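Student: In the working numbering, the protein residues as written are 2 to 114. Where is the CB? At the ideal position from N, CA and C, for every residue including glycine. This one's a predicted model, so the numbers in the text were calculated from it and none came from an experiment.
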Ligand code: AMP
Ligand code: ZN
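Here you go:
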């Protein structure tokens with residue numbers, strides 16, 4: 002198993018976990034870009050958002066709702082937060098196992114760089 006996030010999901014590589022259930026895992030980004038920077042991933046391997054199918058719709062909804070719940074739990078629901086998937090090279094995707102970045106705690110610029 003060569004995928005970094007599959008190895009984190011299986012527990013083979015440690016991560017600073019903030020939430021886990023049977024389908025999803027959330028952990029702190031190792032190189033945080035905001036005071037709160039959590040990655041929410043499916044435990045199952047899906048390389049990019051281009052690879053999602055209709056069968057994944059509930060799972061993707063769960064990723065988004067988990068990010069929203071964590072943002073609320075950390076006190077950012079009203080202040081605001083950003084949840085983003087990077088897909089492929091021009092968007093800066095470096096780990097090819099889908100992950101929802103949850104960013105909060107500072108004013109986030111728009112458009113993104
Ligand atoms: P992306 O560039 O969208 O593919 O995001 C990959 C993210 O994974 C980056 O924000 C990295 O800082 C983060 N990352 C890489 N390795 C680890 C790790 N071992 N634990 C936690 N986050 C990681
Ligand atoms: Zn994977």
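Can you give me the start and stop residues for the beta strand (DSSP E) that residue 28 sits inside?
Tutor: Taking the chain shown and counting its residues from 1, one reaches residue 28 at position 27. Taken as a continuous stretch (DSSP letters only), the beta strand (DSSP E) holding residue 28 covers 25 to 29.
Student: Would you mind sorting residue 31 into buried or exposed? The rule is 16 or more other CB atoms within 10 Å of its CB.
Tutor: Taking the first residue of the chain shown as position 1, residue 31 is located at position 30. Exposed, since its Cβ has fewer than 16 Cβ neighbours within 10 Å.
Student: What did DSSP end up calling residue 63 once you bin it into helix, strand or coil?
Tutor: For this step, residue 63 is matched to residue 62 along the chain shown. Three-state DSSP puts residue 63 in a helix.
Student: Taking 8 Å as the threshold, find out whether the segment 42 to 53 comes into contact with the segment 74 to 83 through three or more Cβ pairs.
Tutor: No, because fewer than three Cβ pairs between the segment 42 to 53 and the segment 74 to 83 fall closer than 8 Å, the two stretches do not touch.
Student: Indicate whether residue 50 and residue 99 have their beta-carbon atoms separated by less than 8 Å.
Tutor: The residue labelled residue 50 in the question sits at position 49 within the chain shown. The residue labelled residue 99 in the question sits at position 98 within the chain shown. In this structure, residue 99 lies closer than 8 Å to residue 50 by Cβ.
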